[in-house]
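This report refers to the structure that appears directly beneath it.
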Amino acid sequence: MFKYLNHLVVSKFVMAVTGIIILLFVTGHAIGNLQIFIGKEALNAYAAFLQGLGEILWIIRIVLIIALLLHIITSIYLKLYNNGARPDKYVVTSYVKAKLNSRTMIWTGIMIAAFLGYHILHFTVGSIQPENYNQEEIYTKNAYSVGMGMNAHIANPEEHRGSVLNKVVYERHDVYKMVILGFRNPYVSGLYILGMILLGFHLSHALQSFFQTLGMAGPRFSPFIRTFSNWYGTITAIVFLIVPLAILLGFIGGNV
Amino acid sequence: MKLQLNIWRQENKDSKGAIKNYKLNEVDEDMSFLEMMDILNEDLIHKGEEPVVFEHDCREGICGTCGMVVDGRPHGKEHGTTVCQLHMRKFNDGDKITIEPFRAKGFPIIRDLAVDRSAYDRIMQAGGFISQNIGSAQDANALPISKNVADLAMDAASCIGCGACAAACPNGSAMLFVSAKASQLNLLPQGQPEKAARARAMVRQMESEGFGGCSNYYECEASCPKNVSVNFIAKLNRDYLCATFKEGT
Ligand code: HEM
Ligand code: FES
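Chains A and B, in that order, are what the protein sequence lines are. For the first sequence, the working numbering begins at 325 and goes up steadily by one. For the second sequence, the working numbering begins at 18 and goes up steadily by one.
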């Protein structure tokens, strides 16, 4: 299965395809997070919706895990191989076009991987701040049951005019509270902010690199996509890190 | 002007090299960089020391024989010139200049600043040609080629095979050279029949010569004396991947 590693161009192809899968997920994740600014209801409903995907959620997870593993294995292999192709270093080094972000891909990558481990234990598994994780929200929906103790949902309360109507009570994971409490800790927030800056840095090289690797380049397209890629990395980082920043500064979550 | 030169001296491929310092007191700003090296070597010969070995031929930027790393840049800091086209007026009195050989696993050092670049010849032998039955040449206009394509192929063909790309690349990758040499044929009708085979054979040969892979640093483009664009690397990737999808690895 790993025979492709013997071929440099195919290895880069694997880097590009796995990378872009993760990039698309990361982008969706960043946008989804913004619902915290709408409020508790929106964020918790969104989280419950994702949890409710069931098998689809697991398919997404498996695709992402495989993509990430292939991305990491290939990147380490390529890095070692490429270092071996330049065994003697120059006494004086000087770079013109190889910017810091491209030269540090493996290091930003490894730090992102470490961050990812922390993040999953923190918010997905819940083992880092279990007291914040184990929060349930009791909430009601626009669904009613008729009479005392009956739990049958009815679609149209108008038809039951005159009977005793109870709002049905539900319970769901209080993601909003978990995030707010988690990010009030400045060390935790700081770690996330740092992680997101590294991610933005990685992406600023990664996106344009994807197009170059797959053979999409041209005298007008290439300069455009390189600038776009820098902006993409910067904006992704900002969209992610305004959440911990806003919580730390007390702009949101005052009601928790 | 006066210069201090820090030059990499190395007996042969297997010995350990080191930087040695030299002083030159009368360098004319109208000299070329290689003339400055000639003056140094004459000095050394007078003193009974071994002259610095470096390669050169045309001294006008067309043959691709010269090549050394000046202050960390292959062919020096100027853009779009070979080191034989570099002039001492680009330097200042009292400058310290560090001169090293091209460094890449695919370019073993022969001596001092001379490296063995025969790997590039073997890459050409692997696919840098078209196969054609000999006969009388057909009319030039029997094979229509648009101006855009002809220009692009000409840009690729401007590569002089000097090795600066692999020397500049942090991965010691020769992809700019390989892509230019593959594209100058793959862009044109004459190159089509062997396009897939060419892309693969040349990249494979590059791999077996010990060059690294491309990480899209674009450092090669910055050092290329002929300003060959990294867009040709994208094209080579495309040709290679198409070949892989069609025919398997
Ligand atoms: C959120 C996570 C990540 C995303 C979205 C991402 C995305 C990408 C993308 C799109 C590329 C460009 C592929 C190409 O060159 O064509 C890339 C390259 C790269 N990634 Fe990642 N990556 C992530 C995590 C990682 C991790 C965890 C590592 C390593 C441990 C890593 C190491 C690298 C390296 C070394 C390259 C450059 C490969 C080369 O040019 O030779 N990345 N990444
Ligand atoms: S000597 Fe011919 S290019 Fe420099």
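Every residue gets a Cβ at the ideal spot worked out from N, C-alpha and C, and that includes glycine. Predicted model only: the values in this text are computed from it and were never measured.
To the nearest angstrom, how far is it from the Cα of B:Glu72 to the Cα of A:Val567?
Sequence index remark: in the second sequence, residue 72 of chain B carries index 55 (1-based). Sequence index remark: in the first sequence, residue 567 of chain A carries index 243 (1-based). Spanning the two alpha carbons is a distance of roughly 59 Å.
Give the range of the beta strand (DSSP E) segment to which B:Gln21 is assigned.
Within the second sequence, numbered from 1, the residue matching residue 21 of chain B stands at position 4. Looking at the DSSP string, the run of the beta strand (DSSP E) that includes B:Gln21 is Leu20 to Arg26.
Selection of the segment 220-238 of chain B by Cβ proximity to chain A, strictly under 9 Å
Val220, Arg221, Met223, Glu224, Gly227, Phe228, Gly229, Gly230, Cys231, Ser232, Asn233, Tyr234, Tyr235, Glu236, Cys237 and Glu238
Starting from B:Arg90, follow its DSSP beta bridges and name the residues at the other end.
Locating residue 90 of chain B in the second sequence gives position 73, where the first residue counts as 1. Answer by DSSP bridge pairing, in chain order: B:Val87.
B:Pro125 versus chain A: which residues are under 7 Å apart at the beta carbon?
Counting from one through the second sequence, the residue named residue 125 of chain B turns up at place 108. Simply none; closest approach about 10 Å.
In DSSP terms, what B:Asn38 is bridged to:
Residue numbering aside, residue 38 of chain B sits at position 21 when the second sequence is read from its first letter. B:Asn38 is bridged to B:Asn23.
How would you write the range of the alpha helix (DSSP H) that B:Arg221 sits in, first residue to last?
On the second sequence, residue 221 of chain B is found 204 positions in, with the first residue counted as 1. Here the alpha helix (DSSP H) through B:Arg221 covers Lys212 to Ser225.
Across the segment 215-232 of chain B and the segment 141-149 of chain B, are there enough close Cβ pairs to call them in contact, namely three or more that are closer than 8 Å?
Enough Cβ pairs lie closer than 8 Å, so yes.
Consult DSSP for B:Gln115 and reduce its assignment to one of helix, strand or coil.
Within the second sequence, the letter at position 98 stands for residue 115 of chain B. The sequence shown places Thr at residue 115 of chain B, not Gln. Strand at B:Thr115.
Work out the CA separation of B:Ser240 and A:Arg544 for me, nearest whole Å.
Stepping through the first sequence from its first residue, residue 544 of chain A is reached at position 220. Stepping through the second sequence from its first residue, residue 240 of chain B is reached at position 223. A:Arg544 and B:Ser240: Cα-Cα distance of roughly 21 Å.
Along chain A, which residues have their Cβ under 8 Å away from the Cβ of B:Leu258?
Counted from its first residue, the second sequence places residue 258 of chain B at position 241. Close partners of B:Leu258 in chain A (Cβ separation under 8 Å): Val333, Val334, Phe337, Leu538 and Gly539.
B:Ser49 by DSSP, collapsed to three states: which one?
Walking along the second sequence from the start, residue 49 of chain B turns up at place 32. B:Ser49 falls in the strand class under three-state DSSP.
How about A:Met429: is its Cβ closer than 7 Å to a heavy atom in the ligand HEM?
Taking the first sequence and counting its residues from 1, one reaches residue 429 of chain A at position 105. A:Met429 Cβ: within cutoff of the ligand HEM.
Proximal residues to B:Met48 (C-beta, below 6 Å), its chain only, five neighbours per side dropped
For the purposes of this step, residue 48 of chain B is identified with residue 31 of the second sequence, where counting begins at 1. If we look at B:Met48 and ignore the five residues flanking it on each side, its Cβ neighbours are Met105.
CA-to-CA distance, A:Tyr463 to A:Leu572, given in whole angstroms
The residue given as residue 572 of chain A occupies position 248 in the first sequence. The residue given as residue 463 of chain A occupies position 139 in the first sequence. Their backbone Cα atoms lie some 26 Å apart in a straight line.
Which residues, in order along the segment 400-431 of chain A, keep a beta-carbon less than 9 Å from a beta-carbon of chain B?
Leu402, Lys403, Tyr405, Asn406, Asn407, Gly408, Ala409, Arg410, Pro411, Asp412, Lys413, Tyr414, Val415, Val416, Thr417, Ser418, Tyr419, Val420, Lys421, Ala422, Lys423, Ser426, Arg427 and Met429
Residues of its chain near B:Ile114, where Cβ-Cβ distance is below 8 Å and the 5 sequence neighbours each way are ignored:
What you label residue 114 of chain B is simply residue 97 of the second sequence in a count that begins at 1. Cβ neighbours of B:Ile114 within its own chain (closer than 8 Å, five residues either side excluded): Leu20, Gln21, Leu22, Asn23, Val87, Asp88 and Phe108.
Grouping DSSP H, G and I as helix and E and B as strand, with all else coil, what is A:Tyr585?
Only positions 325 to 580 of chain A appear in this structure, which leaves residue 585 of chain A out of reach.
Taking the straight line between their C-alpha atoms, what separation do you get for B:His92 and B:Ser175?
Start at 1 with the first residue of the second sequence, and residue 92 of chain B comes out as number 75. Start at 1 with the first residue of the second sequence, and residue 175 of chain B comes out as number 158. Between B:His92 and B:Ser175, the C-alpha separation is close to 16 Å.
Who are the Cβ neighbours of A:Gly441 in its own chain at under 6 Å, not counting the five residues just before and after it?
In the first sequence, residue 441 of chain A corresponds to position 117, counting from 1. None.
Please state the DSSP three-state secondary structure of A:Tyr414.
As a first step, residue 414 of chain A must be located in the first sequence, where it is residue number 90. Reduced to three states, the DSSP call for A:Tyr414 is coil.
With a threshold of 8 Å between beta carbons, is A:Ser533 in contact with chain B?
Numbered from its first residue, the first sequence carries residue 533 of chain A at position 209. At a cut-off of 8 Å between beta-carbon atoms, A:Ser533 makes contact with chain B.
Three CB pairs or more closer than 8 Å across the segment 162-181 of chain B and the segment 194-202 of chain B
Flag = yes, the segment 162-181 of chain B and the segment 194-202 of chain B touch.
Would you call the segment 556-567 of chain A and the segment 76-84 of chain B touching, i.e. three or more CB-CB distances under 8 Å?
no
Tell me the DSSP bridge mates of A:Tyr463?
The residue given as residue 463 of chain A occupies position 139 in the first sequence. Bridge partners of A:Tyr463: A:Tyr494.
Is any heavy atom in the ligand HEM found nearer than 7 Å to the beta carbon of A:Met339?
In the first sequence, counting from the first residue as 1, residue 339 of chain A sits at position 15. Answer for A:Met339: yes, Cβ within range of the ligand HEM.
Does the beta-carbon of B:Phe249 have 16 or more other beta-carbons within 10 angstroms, so that it is buried, or is it exposed?
Here residue 249 of chain B refers to the residue found at position 232 when the second sequence is read from its first residue. Classification of B:Phe249: buried, given that the 10 Å Cβ count is 16 or more.
Can you give me the Cβ contacts of A:Leu374 inside the same chain, cut-off strictly under 7 Å, excluding the 5 residues immediately before and after it?
On the first sequence, position 50 is the one that residue 374 of chain A refers to. Here the set comprises Leu381.
Given A:Ile345 as reference, the closest of A:Ile360, A:Leu393 and A:Met502 once Cα atoms are compared
Taking the first sequence and counting its residues from 1, the one referred to as residue 345 of chain A is at position 21. Checked all of A:Ile360, A:Leu393 and A:Met502; the closest Cα to A:Ile345 is A:Leu393.
If the cut-off is 7 Å on Cβ atoms, which residues from the segment 86-102 of chain B count as contacting chain A, listed in chain order?
Val86, Asp88, Gly89 and Arg90
Rounded C-alpha distance that separates A:Tyr516 from B:Glu226
For the purposes of this step, residue 516 of chain A is identified with residue 192 of the first sequence, where counting begins at 1. For the purposes of this step, residue 226 of chain B is identified with residue 209 of the second sequence, where counting begins at 1. Going from the Cα of A:Tyr516 to the Cα of B:Glu226 covers about 44 Å.
What is the rounded straight-line gap between the Cα of B:Ile151 and the Cα of B:Glu46?
For the purposes of this step, residue 151 of chain B is identified with residue 134 of the second sequence, where counting begins at 1. For the purposes of this step, residue 46 of chain B is identified with residue 29 of the second sequence, where counting begins at 1. C-alpha separation (whole angstroms): 51 Å.
With a CB to CB cut of under 7 Å and the five nearest residues on each side skipped, what residues in its chain are close to A:Val493?
What you label residue 493 of chain A is simply residue 169 of the first sequence in a count that begins at 1. Exclusion of the five residues before and after A:Val493 leaves Ile462 and Thr464 as the residues of its chain whose Cβ lies within less than 7 Å of its Cβ.
Compute the beta-carbon to beta-carbon distance between A:Ile444 and A:Ser399, rounded to the nearest angstrom, for a pair I have assumed lies under 8 Å.
For the purposes of this step, residue 444 of chain A is identified with residue 120 of the first sequence, where counting begins at 1. For the purposes of this step, residue 399 of chain A is identified with residue 75 of the first sequence, where counting begins at 1. Taking the Cβ atoms as the reference, A:Ile444 lies roughly 20 Å from A:Ser399, outside the contact range of under 8 Å.
Contact criterion: CB-CB distance below 8 Å. Does A:Ser546 meet it with respect to chain B?
By 1-based counting over the first sequence, the position of residue 546 of chain A is 222. Yes - at least one Cβ of chain B is within 8 Å of the one on A:Ser546.
Cross-chain neighbours of A:Gly542 in chain B, by beta carbon under 9 Å
Here residue 542 of chain A is taken as the residue at index 218 of the first sequence, counted from 1. Per Cβ cutoff of 9 Å: Asn248 and Ala251.
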